[in-house]
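The sequence shown begins at 14 in this note's numbering and counts up by one. Glycine included, every Cβ here is placed at the ideal spot set by N, Cα and C. Have a look at the structure below before the remarks.
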Amino acid sequence: MTNPLLADWQSDFQLPPFADITDADFAPAFEAAMAEGRAAYAGIATNPDGPNYANTVEAMEQADAVLDRVAGVFFNLAGADSTPAREALQRELSPKVSAYSSQIVNNRALFDRIETLWQARDTLGLDAEQDRVLMLYRRMFVRAGAALEGDAAARLTDVKSRLASLGTQFTQNLLADERGWYMPLDDLSGLPDFVISSARAAAEERGMEGHVITLSRSLIVPFLQFSKRRDLRERAYTAWTGRGANGGDTDNRAIAAEVLALRAERAKLLGYDSFADYKLETEMAGTPDAVRDLLMQVWKPARAKAMSDATKLEAMLQADGESGPLQPWDWRYYVEKLRRAEYDLDEAALKPYLSLDNMIAAAFDCAHKLFGLEFRALDVPLYHADARAWEVTRDGRHMAVFIGDYFARGSKRSGAWCSTMRSQRKLGGEVRPIVVNICNFAKGDPALLSYDDARTLFHEFGHALHQILSDVTHGFISGTSVARDFVELPSQLYEHWLEVPEVLAEHARHVETGAAMPQEMLDRLLGAQNFDQGFSTVEYVASALVDLEFHAGPPPSDPMQKQAEVLDALGMPQAIRIRHATPHFAHVFSGDGYSSGYYSYMWSEVMDADAFDAFREAGDAFDPATAAKLERFILSAGGSAEAEDLYTAFRGRMPGVDALLRGRGLAA
Numbered sequence: 014m015t016n017p018l019l020a021d022w023q024s025d026f027q028l029p030p031f032a033d034i035t036d037a038d039f040a041p042a043f044e045a046a047m048a049e050g051r052a053a054y055a056g057i058a059t060n061p062d063g064p065n066y067a068n069t070v071e072a073m074e075q076a077d078a079v080l081d082r083v084a085g086v087f088f089n090l091a092g093a094d095s096t097p098a099r100e101a102l103q104r105e106l107s108p109k110v111s112a113y114s115s116q117i118v119n120n121r122a123l124f125d126r127i128e129t130l131w132q133a134r135d136t137l138g139l140d141a142e143q144d145r146v147l148m149l150y151r152r153m154f155v156r157a158g159a160a161l162e163g164d165a166a167a168r169l170t171d172v173k174s175r176l177a178s179l180g181t182q183f184t185q186n187l188l189a190d191e192r193g194w195y196m197p198l199d200d201l202s203g204l205p206d207f208v209i210s211s212a213r214a215a216a217e218e219r220g221m222e223g224h225v226i227t228l229s230r231s232l233i234v235p236f237l238q239f240s241k242r243r244d245l246r247e248r249a250y251t252a253w254t255g256r257g258a259n260g261g262d263t264d265n266r267a268i269a270a271e272v273l274a275l276r277a278e279r280a281k282l283l284g285y286d287s288f289a290d291y292k293l294e295t296e297m298a299g300t301p302d303a304v305r306d307l308l309m310q311v312w313k314p315a316r317a318k319a320m321s322d323a324t325k326l327e328a329m330l331q332a333d334g335e336s337g338p339l340q341p342w343d344w345r346y347y348v349e350k351l352r353r354a355e356y357d358l359d360e361a362a363l364k365p366y367l368s369l370d371n372m373i374a375a376a377f378d379c380a381h382k383l384f385g386l387e388f389r390a391l392d393v394p395l396y397h398a399d400a401r402a403w404e405v406t407r408d409g410r411h412m413a414v415f416i417g418d419y420f421a422r423g424s425k426r427s428g429a430w431c432s433t434m435r436s437q438r439k440l441g442g443e444v445r446p447i448v449v450n451i452c453n454f455a456k457g458d459p460a461l462l463s464y465d466d467a468r469t470l471f472h473e474f475g476h477a478l479h480q481i482l483s484d485v486t487h488g489f490i491s492g493t494s495v496a497r498d499f500v501e502l503p504s505q506l507y508e509h510w511l512e513v514p515e516v517l518a519e520h521a522r523h524v525e526t527g528a529a530m531p532q533e534m535l536d537r538l539l540g541a542q543n544f545d546q547g548f549s550t551v552e553y554v555a556s557a558l559v560d561l562e563f564h565a566g567p568p569p570s571d572p573m574q575k576q577a578e579v580l581d582a583l584g585m586p587q588a589i590r591i592r593h594a595t596p597h598f599a600h601v602f603s604g605d606g607y608s609s610g611y612y613s614y615m616w617s618e619v620m621d622a623d624a625f626d627a628f629r630e631a632g633d634a635f636d637p638a639t640a641a642k643l644e645r646f647i648l649s650a651g652g653s654a655e656a657e658d659l660y661t662a663f664r665g666r667m668p669g670v671d672a673l674l675r676g677r678g679l680a681a
């Protein structure tokens, strides 16, 4: 029988035939796709005709069409709906795919064709996008080791293959720890109805009676905010921050050490002083010193604000008759009390106005007002019953299929992310994307979000818009294929529209009555936007600095000791823990994407704060001219130019850190 992953997909919008795909189909599909890719690249490398743009770059652009399709399905499912079979497949396939990629970029004949084109580029009549893509292909080959020979080339291939295996193992260990831990609850004191409902749903998912707390962020954070039981808060917090460091087969500490050593070796093989020097060379920041300078500019005022807040919270703790000092599992509980005291904001009263369906509608509505997009719900087979799909159109033209998968479950890794099952391109015929947003919200009937959850939904949808509005010829530079410290600009910028009063006035409606959020509640919510920014900034910047120092010098033999040294040198507040401790720092250790690059959220925030100021200066959060410039120079442009050039084309200049500090309420 024909493997459904390899057959032509006849479904609406050429969606994957999820109902027909089994786990047994993936391995043979990958083997067939990689065999087809090897043959295509061999044909390019041995083409007797001299290299030209069409028979080399354009041919390479299309050589992995089948593999891209197969991988787009598998790796989305491996993250969002894992099974033991898929986990085993991922362990088997990741090093094979890595080795396949290494074979391509280490093919000297391919590299020679690209180098020939590069040296003659001024005579080829290339347009700006073609010239950019040629440069990126050459850079990719050089940075992947194409110029290496003999033992060095072979060793680099082995290093990259081992790193792929370790990244998979790290992720699966973390998922196992998250899936395996739960805490039955006999004492519900202090918990609002929405937490009780979510805890009951978590118990039902495990086939249990009563209520349980799991390590899903959307459940454990509100538990830490509201539970009166300090001992239970400590137990839950300890489990949450201990993921990946529990000993046994799922412990990630040795994996982290090996990953850092291999990355350092990889950089050295390629002629760089450190992995951070290698990684940051192609980013906007450019150097470790530039990253460190930005983070320290933010660290100092953030730490001062956090220490001031800690004094208030510890006084509240002692007023409750608890013995000090303030502990990390106390912070969210007393911050919630302080929020009520200072802003009269009760999250339990707020959440009914922030239903999941209403916030999806708000994100869609903003995209319509800004970019003219329309969203139509689709009734199509998907990979899980929780997933939902919409067709995205503009002026009747099909733009994309958008899939939203919003609820936490044991088969889904933690966090939130955006990915594609198919990216936009025009080469070889117009292809429109299939874009996926994954979140881990607590399931409920109806599902209610915290304001942070709603912000996460807008953030990931900002990434989705970067894919949906992509309008380039080459898939190699489409959508989010940009510098890592630029990729978070569209997502973080889109969060600002959640703060627009008219958006909340229209969409923040009570889930039972349909009544709009009272104006005085809306005013208090927007007035509290910078509340607790000392805490959130400190826990983030600490993680970013640990990531940087892991990679900016010799690899530490004991990453946990190195983490402690970095935090001690910073003067990390005792009552705040690093957002992502090393054993569960998936951004950095599940793959190379954010390694030496966790700072990029803040680098992008420097731009997003300034970019939204463009709309403020226009006097309208939905100003058509500003939105058109945003789409033209950033959202549709992909990686068609240097990130700094794209931003400058939109804004007229690059920003400083001042807008960020003002936005977080940390300016002097």
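Looking at the structure shown, is L198 part of a helix, part of a strand, or coil, going by DSSP?
Taking the first residue of the sequence shown as position 1, residue 198 is located at position 185. L198 falls in the strand class under three-state DSSP.
Check whether the Cβ atoms of L502 and M667 lie closer than 9 Å to each other.
Translated into positions along the sequence shown, residue 502 becomes position 489. Translated into positions along the sequence shown, residue 667 becomes position 654. Going by C-beta atoms, L502 is not nearer than 9 Å to M667.
What three-state label does DSSP hand W22 in the structure shown?
For the purposes of this step, residue 22 is taken as residue 9 along the sequence shown, with counting starting at 1. In this structure, W22 counts as coil in the three-state DSSP scheme.
In whole angstroms, what is the alpha-carbon distance linking V118 and L149?
Along the sequence shown, one-based indexing puts residue 118 at 105. Along the sequence shown, one-based indexing puts residue 149 at 136. Approximately 13 Å, taken between the alpha carbons.
What is the DSSP secondary structure of G193, reduced to helix, strand or coil?
In the sequence shown, counting from the first residue as 1, residue 193 sits at position 180. Looking at G193 - three-state DSSP - the assignment turns out to be helix.
Determine the DSSP secondary structure at S617, reduced to helix, strand or coil.
Mapped onto the sequence shown, residue 617 falls at position 604. S617 falls in the helix class under three-state DSSP.
Expressed to the nearest angstrom, what Euclidean distance is found between the alpha-carbon atoms of E508 and H472?
The residue you call residue 508 lines up with position 495 of the sequence shown. The residue you call residue 472 lines up with position 459 of the sequence shown. Taking the straight line joining both Cα atoms gives about 5 Å.
Note down, one range per segment and in chain order, each alpha helix (DSSP H) of at least 4 residues found wholly within the region 221-276.
Complete alpha helix (DSSP H) runs here, min 4: 230-239, 243-254.
Residues in its own chain within less than 6 Å of G651 by CB, not counting five upstream and five downstream?
In the sequence shown, counting from the first residue as 1, residue 651 sits at position 638. Cβ neighbours of G651 beyond the five flanking positions: S483, V485, I490, S491, G492, S494.
Taking only three categories from DSSP, how would you classify L461?
In the sequence shown, the residue the question calls residue 461 occupies position 448. If DSSP states are grouped into helix, strand and coil, L461 belongs with the strands.
Could one say the Cβ of D322 lies closer than 9 Å to chain B's Cβ atoms, at least one of them?
Looking at the structure shown, chain B is missing, and only one protein chain is on hand.
Under a three-way DSSP split, which group does R522 fall into?
Along the sequence shown, read from residue 1 onward, the residue named residue 522 stands at position 509. The answer is strand: DSSP assigns R522 an E or B state.
Which one or two residues does DSSP pair with D418 in a beta bridge?
Here the question's residue 418 lines up with position 405 in the sequence shown. DSSP lists I451 as partners of D418.
So which of Q185, R51, D244, A159 has the shortest CA-CA distance to D199?
In the sequence shown, residue 199 corresponds to position 186, counting from 1. Among Q185, R51, D244, A159, the Cα nearest to that of D199 is on D244.
From A429 to N453, what distance separates their C-alpha atoms?
Indexing the sequence shown from 1 puts residue 429 at position 416. Indexing the sequence shown from 1 puts residue 453 at position 440. Rounded to the nearest angstrom, the two C-alpha atoms are 7 Å apart.
Indicate whether the contact test is met: 3 or more Cβ pairs, each with one atom in the region 368-375 and one in the region 447-462, closer than 8 Å.
Contact between the region 368-375 and the region 447-462 is present, because at least three Cβ pairs lie under 8 Å.
If T181 and R104 are in contact, beta carbons under 8 Å, what's the gap, nearest whole angstrom?
Working through the sequence shown from its first residue, we reach residue 181 at position 168. Working through the sequence shown from its first residue, we reach residue 104 at position 91. Right, the Cβ-Cβ distance comes to about 6 Å (below 8 Å), so this counts as a contact.
Got a sec? Which residues, its chain only, sit under 8 Å from Q505 by beta carbon, not counting five neighbours each side?
Along the sequence shown, read from residue 1 onward, the residue named residue 505 stands at position 492. These residues qualify, in order along the chain: H472, G475, Y614, S617, E618, D621.
Using the C-alpha atoms, what's the distance from F207 back to R522?
To locate residue 522, count along the sequence shown from 1; it is residue 509. To locate residue 207, count along the sequence shown from 1; it is residue 194. One C-alpha to the other measures close to 16 Å.
When DSSP labels each residue in this structure, what does L391 get in the three-state scheme?
For this step, residue 391 is matched to residue 378 along the sequence shown. Strand, per DSSP.
List in chain order: all unbroken beta strand (DSSP E) runs of 3+ residues lying wholly within the region 82-170.
If we require 3 residues or more, the region 82-170 turns out to have no beta strand (DSSP E) run fully inside it.
Excluding the five sequence neighbours on either side, which residues of its own chain have a C-beta within less than 6 Å of the C-beta of G203, listed in chain order?
Numbered from 1 along the sequence shown, position 190 holds the residue referred to as residue 203. Cβ neighbours of G203 beyond the five flanking positions: F239, S240, K241.
Residues bridged to A407 by DSSP?
If you number the sequence shown from 1, residue 407 lands on position 394. Note on residue identity: the sequence assigns Arg, not Ala, to residue 407. Answer is R410.
Can you tell me whether G334 is buried or exposed? The criterion is at least 16 other CB atoms within 10 Å of its CB, across all chains shown.
For the purposes of this step, residue 334 is taken as residue 321 along the sequence shown, with counting starting at 1. Classification of G334: exposed, given that the 10 Å Cβ count is below 16.
Kindly indicate the opening and closing residues of the alpha helix (DSSP H) around S494.
As a working note, residue 494 is residue 481 in the sequence shown. Segment: none, S494 is in no alpha helix (DSSP H) and carries neither H nor E.
Nearer than 8 Å: is that true of the beta carbon of A496 relative to any heavy atom of the ligand MG?
The ligand MG is not among the ligands present in this structure, which contains no ligands whatsoever.
Evaluate H411 with the Cβ neighbour count: other Cβ atoms within 10 Å of its Cβ, from every protein chain shown; 16 or more gives buried, anything less gives exposed.
For the purposes of this step, residue 411 is taken as residue 398 along the sequence shown, with counting starting at 1. It counts as exposed.
Excluding sequence positions up to five away, which residues of its chain have a Cβ less than 7 Å from the Cβ of E271?
The sequence position of residue 271 within the sequence shown is 258, counting from 1. Excluding sequence neighbours, E271 sits near L179.
Can you tell me which of Q116, N186, L511 puts its alpha carbon nearest to the alpha carbon of K425?
If you number the sequence shown from 1, residue 425 lands on position 412. Out of Q116, N186, L511, N186 has the C-alpha closest to the C-alpha of K425.
Determine whether the beta carbon atoms of E355 and P235 lie at a separation below 9 Å.
Taking the first residue of the sequence shown as position 1, residue 355 is located at position 342. Taking the first residue of the sequence shown as position 1, residue 235 is located at position 222. Against a cut-off of 9 Å, the Cβ pair of P235 and E355 comes out as no contact.
For the region 25-36 against the region 404-423, do three or more pairs of beta-carbon atoms, one drawn from each stretch, fall closer than 8 Å, so that the two count as touching?
Yes, since at least three Cβ pairs between the region 25-36 and the region 404-423 fall closer than 8 Å, the two stretches touch.
How long is the line joining the alpha carbons of V405 and A93, rounded to whole angstroms?
Indexing the sequence shown from 1 puts residue 405 at position 392. Indexing the sequence shown from 1 puts residue 93 at position 80. When rounded, the distance between both Cα atoms is 22 Å.
Mind checking which residues open and close the beta strand (DSSP E) that includes R435?
Along the sequence shown, read from residue 1 onward, the residue named residue 435 stands at position 422. That run of the beta strand (DSSP E) goes 430-435.
Hey, is the region 280-296 in contact with the region 602-614, meaning 3+ C-beta pairs nearer than 8 Å?
Taking 8 Å as the limit for Cβ pairs, the verdict is that the region 602-614 does touch the region 280-296.
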